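Trainee: Submitted below is the structure of interest, expressed as structure tokens.
Residue numbers (my numbering): 387 to 703.
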């Protein structure tokens, strides 16, 4: 029993915020942001637009692409760090909005920017354990609600959006392996300033940028190397590298370290910024829609986020 990705979908809010727009509300400029991140704009959820709303729209598109209905789905795993409510899980709200069958189940995974890789691994294992035949794996974030809009070191980096994939049991090759890691001793270099157990507020994103950059480049490269070694292949065998879209400087540094030519690297950070758990499924859907990723291609994904958490997956499309 193997598991394959049968369809992809994505949703980005209508509203965009350019670097020039940000320069009007904080001490920054278009050139300053682009030089450090490669980001030109980001999408921002409308007032009252929830994480579950964006996730549902992305999931509906993934279902259509996979040519399956909501009744065919056995479970949802939603990766998010910006849930609609502290509880219940945002996944169950999506389950209700999609109208999934009564014997389906849904849960959230919280690994921040690594969330989609974690959620994909969880869903892959559900199917391999016989707990379903088809699942929705979603990454959805309303990061704008966690930002201090006076802090240019963090506010310029993030955006909102959602991406989804349908996974299903198959006898063919599909998800070849997943590799997950975390190191809680590094939890303080990227976190929020609040949370339900210690304050009445969720807090705002705080980050030690240089430390995160250093760990990201090293750990992301090591995670891909782990996937390649596990499957006894080399970087030359990879058709597409789809990394977490933290910023272009990190992506380019990781690709260079691994020896991936830039023409094999999918990058969406320029127009979407860092959408946390949503970034990889958004990038996958973009690459599929643009005719880059084709059936039979070998695709490696990887991400690093707060925790620190990181991981990779190797996928035969």
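C-beta atoms are modelled at their ideal positions from N, C-alpha and C, and glycine is treated no differently. All of these numbers come straight from a predicted model, not from anything done at the bench.
#1: For residue 423, which residues in the same chain have their Cβ closer than 6 Å to its Cβ, ignoring the five residues on either side in sequence?
#2: Would you tell me roughly how many angstroms separate the C-alpha atoms of residue 706 and residue 701, rounded to the nearest one?
#3: CB-CB under 8 Å to residue 655, same chain, minus the five flanking residues each way: which ones, in chain order?
#4: Measuring alpha carbon to alpha carbon, tell me which of 519, 531, 590 and 394 ends up nearest residue 676.
#5: Mind checking which residues open and close the alpha helix (DSSP H) that includes residue 672?
#6: Residue range of the alpha helix (DSSP H) that residue 568 falls in?
#7: Looking only at C-alpha atoms, which of 484, 567, 619 and 614 sits nearest to residue 501?
#8: How about residue 461 and residue 492: are their beta carbons less than 8 Å apart?
#9: Starting from residue 599, trace the beta strand (DSSP E) in both directions and tell me its first and last residue.
#10: Just list the alpha helix (DSSP H) runs in the stretch 420 to 471, keeping only unbroken ones of 4 residues or longer that don't cross its boundaries, in chain order.
#11: Would residue 527 be called buried (16 or more neighbouring beta carbons within 10 Å of its own) or exposed?
#12: Measuring straight from C-alpha to C-alpha, what distance separates residue 435 and residue 483?
#13: With DSSP as the reference, identify every bridge partner of residue 544, one or two as the case may be.
#14: For a test of your reading of the model: does the CB of residue 584 fall under 7 Å from any non-hydrogen atom of the ligand FMN? Yes or no.
#15: Mind checking whether residue 538 and residue 414 have CB atoms under 8 Å apart?
Mentor: Looking at the coordinates:
#1: Correct list, in chain order: 633.
#2: Residue numbering for the chain in the displayed model covers 387 to 703; residue 706 lies beyond these limits and cannot be assessed.
#3: 423, 424, 425, 631, 632, 633, 634, 637 and 665
#4: Answer by Cα proximity: 394.
#5: Per DSSP, residue 672 belongs to the alpha helix (DSSP H) from 665 to 675.
#6: Where residue 568 is concerned, there is no enclosing alpha helix (DSSP H), although the beta strand (DSSP E) it sits in stretches over 561 to 568.
#7: 567
#8: yes
#9: Element bounds for residue 599: not the beta strand (DSSP E) but the alpha helix (DSSP H), 595 to 616.
#10: 437 to 452
#11: buried
#12: 14 Å
#13: 660
#14: As for the ligand FMN, it is missing from this structure, which has no ligand bound.
#15: Yes, these two residues count as a Cβ contact at 8 Å.
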